[in-house]
Each structure stands twice: as structure tokens, then as C-alpha cells.
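For reference, the structure is listed below as C-alpha cells.
2 protein chains.
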Amino acid sequence: MGDKSMKWTLARRAARLNPSTIREILKISERPGIISLAGGLPSADTFPVAAMQEATARVLREQPREALQYAASEGFGPLCEWVAGELSSQGLHCDADQVLITTGSQQGLDLVGKVLIDPGSTVAVESPTYLGALQAFAPYEAEFLSVEGDDDGPLPAALTAAAAQGARFMYLLPNYQNPSGRCLGAPRRQALAAAALQAGLPVVEDNPYGDLWFDAPPPPPLAATLGVGARGQKDGGAVYLGSFSKVLAPGLRLGYLVAPQALYPKLLQAKQAADLHTPGFNQRVVFEVIKDGFLRDHVPTIRARYKLHRDATQAALVTHLQALQGRDGSRVHWQTPAGGMFFWLQLPTEVDATALLPQAVAAGMAYVPGAPFFADGGHANTLRLSFVTVPPAQIEAGVAALAGVLKAALGRD
Amino acid sequence: MGDKSMKWTLARRAARLNPSTIREILKISERPGIISLAGGLPSADTFPVAAMQEATARVLREQPREALQYAASEGFGPLCEWVAGELSSQGLHCDADQVLITTGSQQGLDLVGKVLIDPGSTVAVESPTYLGALQAFAPYEAEFLSVEGDDDGPLPAALTAAAAQGARFMYLLPNYQNPSGRCLGAPRRQALAAAALQAGLPVVEDNPYGDLWFDAPPPPPLAATLGVGARGQKDGGAVYLGSFSKVLAPGLRLGYLVAPQALYPKLLQAKQAADLHTPGFNQRVVFEVIKDGFLRDHVPTIRARYKLHRDATQAALVTHLQALQGRDGSRVHWQTPAGGMFFWLQLPTEVDATALLPQAVAAGMAYVPGAPFFADGGHANTLRLSFVTVPPAQIEAGVAALAGVLKAALGRD
């Protein structure tokens, strides 16, 4: 019928939406028989199934109409109250009407990007940084500025330099970062917060892993110093993001953000445009699970479990890689994470972890190459090991396989 | 300490994020004692609570680890299969790998905007159109082009003109539209699809209400003619959006879109950046509810209920407004909706429905003024009545109150 062909014109930002190489790797790592230290999943053994069964039954018995109906974009009021109370007790003073419940904290990152990033805006990030944040910010056509750091975190002078280069905000994940496992100490946090205040540079602080500490809780968030603009305080210099994915279960997709008044109304409108509201059913179920202090008993069981896995991984690394361990570019360097889910390995500079992966998979294990976590590229000689989903005995075998492949590549076996 | 004040710089698009006037109206309408025909909520009496209780218990008993873990961004495979099968049986041929499960169909609109709208892009919309779509597209800095229509829908020549003016796509809600209640007949659909094909103008077709027909199902979707690029067909000219909000419950936030290969990968990446995936728990629960044909028995009960409400509203309108009924600008015009949840009233041109609302509330009822549903403004003399949440006897009283206020305003009581 002489029709023109349909002409779909993509938005320019669509060029910044690309398949995740890591997702492709994860598909490989899911092959039977592979010891996968690649995935970033929490252990399903920690999911509180009995509590969920009880809470879902109660919500559907006592408040089905409210739980299944449309609801407020801000989130379920009592859950917002709970978040505000919990954070305030941890030293981050905030009010319930500053809390926005999000569909996982990934959505918080997307909303932040939508409200704060223009095409060409500079966003300062850690080096390495969380890949999901890069993926959330990139479609808004952010230009990333990697802030130089060391084992203790980003360098305050580098943050100041980023502010001088016009960064709109710095994105920070201070607790047991994905991918590096790094936890910023109190002195570095104070120095970074002081530098941010001095430079007038806002901070977006992401904290999915902070509850997963092994020996002692992490220092207070930078947002406690920068403020989020609680009532009676001056307006805040930080947005703070949190999640129930690691302390309850990620399949519920439940996170939150806390924002100053300069931003909250815009984030709320962006939320409304994005999905109207986070499922009220999920919010009420989670509130039923946690409202009487469930997490006080539950989270320590996760910590204890993950610590055993951390110890097994550390022991395996020492056993199999100590001969190569060192800080110069010809050796393997890692820090023992004090919480969270990840070890981060810096390999000899000549090793390309992406190129090595097929050999590792052939040897029966998988990891995630570190390069995609760097906004400015490079760093091919890094990799991430997730230690929480594989039983300790298999971790040993996986690390042994990795060491064998690595030594072979280096001609040192 | 001599700090600069923190400098939050908003993205330019944030100027297009604004509070919904309708949300403010809904707050007023929730006052006790007000007969609210304002809200756009489905009736909570239709929520299948028993089926939900059974399905949540089963999912948490049989597949808790999978339901509570991270999951694929595309959606739960069996649910995608179900959607593809259901749509194909309705004449919209598509494959499961073209289905993307979304966090409510509102998210589908957001993803479409993210992938297809550049600042200044023209998007053709109906007049009036769904406010949530305007809110989803506006932050991507769309310029809206209202396509002229009549009681049967947009005019094909006006669609052709929109294409000539460079519209990227046309957004259409052909079945029992929110707000107008309008359902496009088969001839108009065919004429619009032919015009779209002729002009090469893609269509984004939204269908949240199509299952809620009262006497006969609506004609096949335009997407059935335009194609969504199923295997063995040429690539499609339509994106199709659907939802479980009106046939099960909106508090689950579960919708889907079906997209041609030209778009699907970008929409998938946008989805991943937006919230990683729609809650797997909710997807599995809904699949458990519907997999054995539950909707075949359940949806007719919703239709029957809503039809009684429709009839009560129509009867009340005739009783109280027939004296004013007519098509010229001095009279009140409405169509009797053949499905869905809404009546749409065009009042005498001199009446401002927004200005009249306080008097209506004082008289004990609330409605939603129609003006916000027009992308190009104007149309102050329109209003929407939602008829599904208020019992028929109260509908009568609400319409009587509205008629009284209207007649007083016109000096005709």
C-alpha cells in the first residue's frame, strides 16, 4: 500500500544506554559447575522467608484494600517514619517528610540523575565506583570526573579540584563499596566533608552495605556532617540513599532516599512521573516485618555468615596468592574488607582481567573484571570477587583455580 | 567555618517537573462526607484478596529464594510468555522476548520518553489525553502537539498533519480513555492506522482499560495493524503498553510494554538503569494468580460491577442535567462510556470547572476539572467523573449536587 516505513527516531541520550558487559559475564558464570565469585547478589540463605510469610498473610488479612490500592508517591507513612527514626538514631538527623521510598535504591540514583544532571554536566565519582550509578547517570548525558583516591578513599584535595572543575555533585559509596569493598575511615570522611563544605560541592551518598559490618559499625555518614536539611537545621548538602535489598531481600525492590528541601519536591515529582509510587503492598509487608525490631536480631545473622565467608576468602587468597602479594605493579594487591560482599584485587599491571576470564571459566571459576567500574576506563588489571553466595569450601577451590590461571598467565607456575 | 553554602544546581528539565494540581484536588476530595467522583482509582471491592493470599503463600513456600532475589530486567519469563500469549490471542501478534515487565504502565511511559524524546521533540497527543503521560514525557522536554478530534477519536487528517510537523510518535489511549471515556470504533482505528503507516508516524498505544468493556470488547488495537515486529513480520510501527492495575490491583505496580526490535534493547537498558527490575516477588505472585485462567472468571465480575455504576451515573445525569443537555456551547454534553471508569462532561463554555469546584465541594461532591488533561491548555469548561468507587446511591446524590451547583452558576435553578 505504498506506505513509508516507520521511522523511530531515538533520543540522543539513547546512545548512552548500552548493554552491560557484566550482565553478559554473569550469564557465563551461571553455567553449571562454575564456582561463580562474579555475581553481586546477596545470599538467598539470609532471606527472612518465615517473617515474610507471616507479614504478607497479615497485610492481606488486615489491610488488603489499602495495600492493593494506589498510594502516595512519597511512600507509606509509617515506613517513612521508621526510616527517619532509624537514620536519626545513627546520627543522620532527618524528618519523615524528607524520606522518599524508591523502587530499590537504583531508582533513587535515576531520580537524582533526572533532577540534577543536564547534558554535559560534570559528576564527580570515585575511582572505581558503583557501575549501577554510572548506568543511571549516563543516560542524562553526564560527563564523569573520576576523583583520585587511595586505599582510604577519595583524596580531599581531588574532591576540591573536582568542585573547581564545575562538578554538580560528588557521588560517594563510603561503606564497603561495590566493587572495591573499601570503607572510608572517620578521618577521611571528616576531611572529605570539610572539603565539600568548603567548596560548596553537594554529595550524593549511597549506603546499601553499611549494615553489613563484621567487627565494628562504619563511621557516621558524610551526610551527618553535611546535613540533609532536617527541621531546625540549615538546608542540607547531601542526598542520602539506602536500601532494604541487603538486609531483607532485593526481590522486593525497596529503597529510599533522604533529600533536602531544595530537591525533595522535584525528586517527588520525578518519582511520580517514573512509576507513580513504589508498590504499597511491598512497603506494608516490609514495615510489618521490621516494625517491632526484627532487623536487630536478623542483621547480625547476616553479618556473622558473611564474615565467615570473608574469612574463608581471605584465607584462600593468602594460601594461593601470598607468593604474589605486594603493592608494586608486578604483584597482587588486596585489602581485607571489613564488611559488605566484595574483595577487590589489583593484579600485576601486565594482566588484563577481561582477557583472562575465559581461562578462569575454563578452570571452573568466574569473577567480574574491574574495568567497567572505572568511569575513565583503564584499570584492566583489576577484578572483583563476591564472597557471600558460594559456600566457604567452594570459595577455596574457586580462589585456587583463579590463582592457577593467574600464575600461568604470569609464567610463574 | 567560612563554608560556602551548598550549591544544588537543578537540571533544566526539572522546570518541567511540577506538582500535580489534580493531586491537590484529590486531597480535598478525601475529606469525610464528600462524595468523591474525582479519584481515578479502581474499586477496592474488585481486588482478588483470596487469590492473592493463596498465591503469596504458594510463592513464599515453593520459590522464596527466586522470588526474593535479584532477577532479570526483562521480567519473569513465564509472565512474559503469558502476556505474549494473551495479546496474540487478541490479535496483537508478539513474542515473549518483545515483552518488558514494568513497574506499572506509568514506568512504560517514562521509559518510552527516555528513549524517544529529545529536548524540543514533538510528541503528538490526543485532546484531551492521559495526564500521567504528559507528566512522564514533559521532563524529557517534549513539545506536545494536540491532535484535533471528535467524539470518535483523533481525526486521521490531523494525525497526518502532526507527522508533517515532525512528531516523533503519537501517544494514543484508544479504549475508554482517561479522562474522556472515549473508545475508538473500528473504522476510526483503521483510518488512523492507515494514516500513521502512510505518514511513517510511529504510535505508542496505551491500554490500561481495554478489559473493562460493558457490552462488547473494543476493536483490536491499532498495534495489531501497525505491528510490533513479531518474528516473521517486518519491524513494528507501534509500542503497546498494558497493565494489571485495573484487572487485579494497582498496589502491585505491575505493567508491561511490547516493543519492536528497533527499540526493545534501548528500553531494556533504560529499565535496568531505572530500577534494575520490577519486583520479582510481585511478578511471581501475579503469575500464580493468573496462570490457570483466573482472569477469565474475575474480569467479568469487574465489568458487571462497573456497568451498574455506569448505568447509575448515566441515569443520574439524565435525571438532573437533561434539561441542560445538548451539543451547542450553551449546554452540557456527555457520551455514555461503553467501558472503563470515567464520564466526561463538556459544560457551557462560560463555566470554569476549576473555579466551580469549591462550590461543588461545599455542596458535598468533588470532580476533577478537565483542563489539566489538555496539553495545549484551555477547555476550562470540562470535567471528569469517576464512577467506580462510589456506591450507586451516592453517585445519584453526587450528580444531583453537581447539577445544583452548575444550575446556580448558570442562573438556571
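Going line by line, the protein sequences match chains U and A.
For the first sequence, numbering that gives the first Met the number 0 begins at 0 and goes up steadily by one.
For the second sequence, numbering that gives the first Met the number 0 begins at 0 and goes up steadily by one.
Backbone N, C-alpha and C define an ideal beta-carbon position, used for all residues, glycine too.
Would you please verify whether the beta carbon of Y129 of chain U is less than 8 Å from any beta carbon of chain A?
The Cβ of Y129 of chain U sits no closer than 8 Å to any Cβ of chain A.
I'd like the span of the alpha helix (DSSP H) that includes S28 of chain U, first residue to last.
Residues 20-28.
Cross-strand partners of W7 of chain A (DSSP beta bridge):
Checking the DSSP bridge columns, you'll see W7 of chain A has no partner listed.
What in chain U is Cβ-close to R64 of chain A, meaning under 7 Å?
Residues of chain U with a Cβ closer than 7 Å to the Cβ of R64 of chain A are, in chain order, A43, F46.
Looking at T55 of chain A: is its Cβ nearer than 8 Å to the Cβ of T277 of chain A?
For T55 of chain A and T277 of chain A, no; Cβs fall outside 8 Å.
Please report how far the alpha carbon of K6 of chain A lies from the alpha carbon of P207 of chain U, in whole angstroms.
When rounded, the distance between both Cα atoms is 26 Å.
DSSP three-state label for G241 of chain U, please.
When DSSP states are grouped into helix, strand and coil, G241 of chain U belongs to the strand group.
Whole angstroms is fine: what's the gap from T128 of chain U's alpha carbon to T121 of chain A's?
Rounded to the nearest whole angstrom, the CA to CA distance from T128 of chain U to T121 of chain A is 36 Å.
So, is the C-beta of L144 of chain A closer than 8 Å to a C-beta in chain U?
Cβ-Cβ to chain U under 8 Å: no for L144 of chain A.
Any Cβ of chain A within less than 8 Å of the Cβ of G339 of chain U?
No, because no Cβ of chain A sits closer than 8 Å to the Cβ of G339 of chain U.
Between the alpha carbons of G1 of chain A and W343 of chain A, how many angstroms are there, rounded?
For G1 of chain A, the predicted structure reports a pLDDT of 46, less than 50, and the residue's modelled location is therefore unreliable. A value from the coordinates is still provided. Separation of G1 of chain A and W343 of chain A (C-alpha to C-alpha, rounded to the nearest whole angstrom) is 59 Å.
Just verifying my parser: in three-state terms, what is the DSSP assignment at V246 of chain U?
Coil at V246 of chain U, not helix or strand.
Could you give the distance in angstroms between the alpha-carbon of C273 of chain A and the alpha-carbon of L9 of chain U?
Checking the displayed sequence, the identity of residue 273 of chain A turns out to be Ala instead of Cys. So the alpha carbons of these two residues sit roughly 18 Å apart.
Should Q164 of chain U go down as buried or exposed, given a rule of 16 or more other Cβ atoms within 10 Å for buried?
Looking at its Cβ environment, which holds fewer than 16 other Cβ atoms inside 10 Å, Q164 of chain U is exposed.
Report all residues from its chain with a CB closer than 6 Å to the CB of P173 of chain A; omit the five preceding and five following residues, and keep chain order.
Its chain contains L183 as the residues whose beta carbon lies nearer than 6 Å to that of P173 of chain A, once the 5 sequence neighbours on both sides are disregarded; these appear in chain order.
At 3 residues or longer, and completely inside the region 129-162 of chain A: list those beta strand (DSSP E) runs for me, N to C.
Runs of the beta strand (DSSP E) inside the region 129-162 of chain A: 142-145.
Please decide whether T318 of chain U counts as near chain A, where near means a Cβ-Cβ distance under 8 Å.
With 8 Å as the cut-off, T318 of chain U does not count as an interface residue toward chain A.
Residues of chain D with CB closer than 7 Å to the CB of Q232 of chain A, please, in chain order.
Within the model displayed, chain D is absent; protein chains U and A are what it includes.
Report the start-end ranges of each alpha helix (DSSP H) in the region 354-382 of chain A that is 4 residues or longer and not cut off at the edges.
DSSP runs (the alpha helix (DSSP H)) wholly in the region 354-382 of chain A: none.
Under three-state DSSP, which class holds L384 of chain U?
Residue state, collapsed to three classes: strand.
Between the region 134-144 of chain U and the region 286-296 of chain U, can you find at least three pairs of beta-carbon atoms closer than 8 Å?
Segment contact: the region 286-296 of chain U against the region 134-144 of chain U, fewer than three CB-CB distances shorter than 8 Å; contact not assigned.
Whose CA, out of A:P391, A:Q260, A:P371, A:G377, lies closest to the CA of P18 of chain A?
The alpha carbon of P18 of chain A has as its nearest neighbour, out of A:P391, A:Q260, A:P371, A:G377, the alpha carbon of A:P371.
I need the boundaries of the beta strand (DSSP E) containing M340 of chain U, first residue and last residue.
M340 of chain U -> no beta strand (DSSP E), and no H or E assigned at all.
Since G279 of chain U and A66 of chain U should fall inside the 8 Å C-beta cutoff, what is the C-beta to C-beta distance between them, to a whole number of angstroms?
G279 of chain U to A66 of chain U, Cβ: 6 Å. Contact.
Could you tell me the alpha carbon to alpha carbon distance between I301 of chain A and A49 of chain A, rounded to whole angstroms?
CA-CA distance, I301 of chain A to A49 of chain A, rounds to 16 Å.
Are the beta-carbon atoms belonging to P217 of chain U and G338 of chain U less than 8 Å from one another?
Cβ atoms of P217 of chain U and G338 of chain U: closer than 8 Å.
Taking C-beta to C-beta, are G254 of chain A and L196 of chain A nearer than 8 Å?
Contact flag unset, no.
Assumed close pair V387 of chain U, H308 of chain U - CB separation to whole angstroms, cut-off 8 Å
Taking a contact as a CB-CB distance under 8 Å, the pair V387 of chain U and H308 of chain U counts as one, their CB atoms being some 5 Å apart.
Which class does I394 of chain U belong to by DSSP, given the choice of helix, strand or coil?
I394 of chain U falls in the helix class under three-state DSSP.
Where does V389 of chain A fall in DSSP's three states?
Coil at V389 of chain A, not helix or strand.
Whose CA, out of U:A362, U:T318, U:A311, U:Q345, lies closest to the CA of I394 of chain U?
Ranking U:A362, U:T318, U:A311, U:Q345 by Cα distance to I394 of chain U puts U:A311 first.
Could you list the residues in the region 272-287 of chain A with a C-beta less than 8 Å from some C-beta on chain U, going in chain order?
Those residues of the region 272-287 of chain A that come within reach of chain U (Cβ to Cβ, closer than 8 Å) are A272, A273, D274, L275, H276, T277, P278, G279, F280, N281.
Could you name the residues of chain A that R11 of chain U contacts, counting a contact when the two beta carbons are closer than 7 Å?
In chain order: D117.
Going along chain U, which residues have a C-beta under 7 Å from T414 of chain A?
Residue coverage of chain A in this structure runs from 0 to 412, which leaves residue 414 of chain A outside it and unanswerable.
Kindly indicate if chain A contains any beta-carbon less than 8 Å away from that of M169 of chain U.
Taking Cβ atoms only, chain A never reaches closer than 8 Å to M169 of chain U, which makes this a no.
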